[in-house]
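Undergrad: Numbering follows my numbering, in which position 82 of the sequence shown is assigned residue number 98; successive positions increment by one, without gaps.
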Amino acid sequence: MNNLGGPLAFDASINDVNWKSQLDAMERRVLGLSNTTVRETNKLDAQFTRLGQLAAGYFSFTALTQLPAQILKVRGEFQQLLERMFKNLTTLVK
Numbered sequence: 017m018n019n020l021g022g023p024l025a026f027d028a029s030i031n032d033v034n035w036k037s038q039l040d041a042m043e044r045r046v047l048g049l050s051n052t053t054v055r056e057t058n059k060l061d062a063q064f065t066r067l068g069q070l071a072a073g074y075f076s077f078t079a080l081t082q083l084p085a086q087i088l089k090v091r092g093e094f095q096q097l098l099e100r101m102f103k104n105l106t107t108l109v110k
């Protein structure tokens with residue numbers, strides 16, 4: 017080891033015959049974790065998409081159940097408008 021007049025410098029060596037196989041095993045574990053993360057994220061995305069579809073379906077169903085009442089309300093308003101128009105028209109004709 018040399019540490020005189022500058023930064024610390026040294027040589028390191030690894031005496032392991034299984035070094036490459038251990039690195040390969042670590043790489044496989046990291047790739048496996050990555051693949052698992054992607055797979056689980058896709059599952060979450062699919063669930064949130066389904067949740068959005070269910071919410072949209074609920075709100076559509078709610079709107080459709082209110083549609084007949086809204087049609088009757090508009091029909092009644094239109095009928096009132098026509099009655100007023102005919103009333104005003106008959107007063108002008110007299």
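We treat Cβ as the ideally placed atom computed from N, Cα and C, and that holds for glycine.
Straight-line CA distance for S50 to N58?
TA: If you take the alpha carbons of S50 and N58, they lie about 12 Å apart.
Undergrad: Between which two residues does the alpha helix (DSSP H) holding L105 run?
TA: Start and end: 35–109.
Undergrad: Take R44 and list the residues in its own chain whose beta-carbon comes closer than 7 Å to its own, dropping the five residues that flank it on each side.
TA: Correct list: empty, nothing qualifies.
Undergrad: Note down the Cα distance separating R66 from F77, rounded to an integer number of angstroms.
TA: Approximately 16 Å between the Cα atoms of the pair.
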